[in-house]
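Single-structure report; data block below.
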Amino acid sequence: MTKQLLVITGATGSGKTTVSHYLKEAFQIPQVVTHTTRPRRHNEVDGVDYYFETPDTLAQKHLVESVSYSGYQYGSSHEALDLAWQKAQLISLVVDTKGAQTYLETFPEEASVLFLTVSETDALITRLEKRKDSPEAIQKRIQSAEFKRDLMLPSHLNQRATVLVNDDWETTKQALATLIATLKN
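Just so we're aligned, residue 1 is where the sequence shown starts under the UniProt record's numbering, counting upward by one.
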């Protein structure tokens, strides 16, 4: 098996992190740890959830892509990809749709895109509330241009993405098993 990268994308609350964690538990697919300059949340671990950086330390990384979101920088690096590929030939990465496009351009042979969505946009807000995001943070996020952009599969990803409606977790898990079997063959 050659190196492969499953790029998981979709709107905030669509289940990207949940899917990535499930792939690690059920299929031993490591997640690429990305970088951020935002403060660590109480339950987050540096090097597991993110590499928590300062603007200066982030600038020293060899970033594949980066984005500013809510006043903080987020990005993924060649260093983090290499670390994940040392663990397995098939790895996953969570990014926004703009980042997914960058990965398809940068790694056209290795990258596959999984676009997560839901049937009703209101479900995304409910999920953000359940993960205990503050009402102010939720409003800021759902009013952002990035959130609106990531609600729909961009046309440039149409031919390259697997779309998965993540309304029911059991159905999602079955679809993921099928996708992983396809990628491993």
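Note that beta-carbon positions come from the ideal geometry of N, C-alpha and C, so glycine has one too.
Since we're looking at a predicted model, the values are computed, not measured.
Buried or exposed by the 16-neighbour rule on C-beta atoms within 10 Å, applied to residue i
i           : result
residue 101 : buried
residue 141 : buried
residue 48  : exposed
residue 31  : buried
residue 68  : exposed
Proximity test, residue i beta-carbon vs the ligand ADP heavy atom, cut-off 7 Å
i          : result
residue 33 : The ligand ADP is not part of the structure shown, which contains no ligands of any sort.
Reduced DSSP secondary structure (H/G/I, E/B, other) of residue i
i           : result
residue 157 : helix
residue 31  : strand
residue 18  : helix
residue 88  : coil
residue 52  : strand
residue 109 : coil
residue 4   : strand
residue 133 : coil
When the options are compared against residue i, the one with the closest alpha-carbon
i           : options           : result
residue 53  : 76, 42, 31        : 76
residue 91  : 62, 143, 83       : 83
residue 56  : 37, 64, 13        : 37
residue 89  : 176, 177, 181, 4  : 4
residue 96  : 108, 106, 116, 87 : 116
residue 144 : 6, 2, 11          : 11
residue 151 : 6, 16, 2          : 16
Expected contact under 8 Å - CB spacing of residue i and residue j to nearest Å
i          : j           : result
residue 58 : residue 78  : No, residue 58 and residue 78 are not in contact; Cβ-Cβ is about 14 Å, not under 8 Å.
residue 8  : residue 114 : 5 Å
Quiz prompt | Meets three-Cβ-pair contact criterion under 8 Å: the stretch 22–31 and the stretch 117–133 | solution = The stretch 22–31 makes no contact with the stretch 117–133: fewer than 3 CB pairs, one atom from each, lie closer than 8 Å.
Quiz prompt | Inter-stretch contact at 8 Å, needing at least 3 Cβ pairs: the stretch 116–129 / the stretch 64–73 | solution = no
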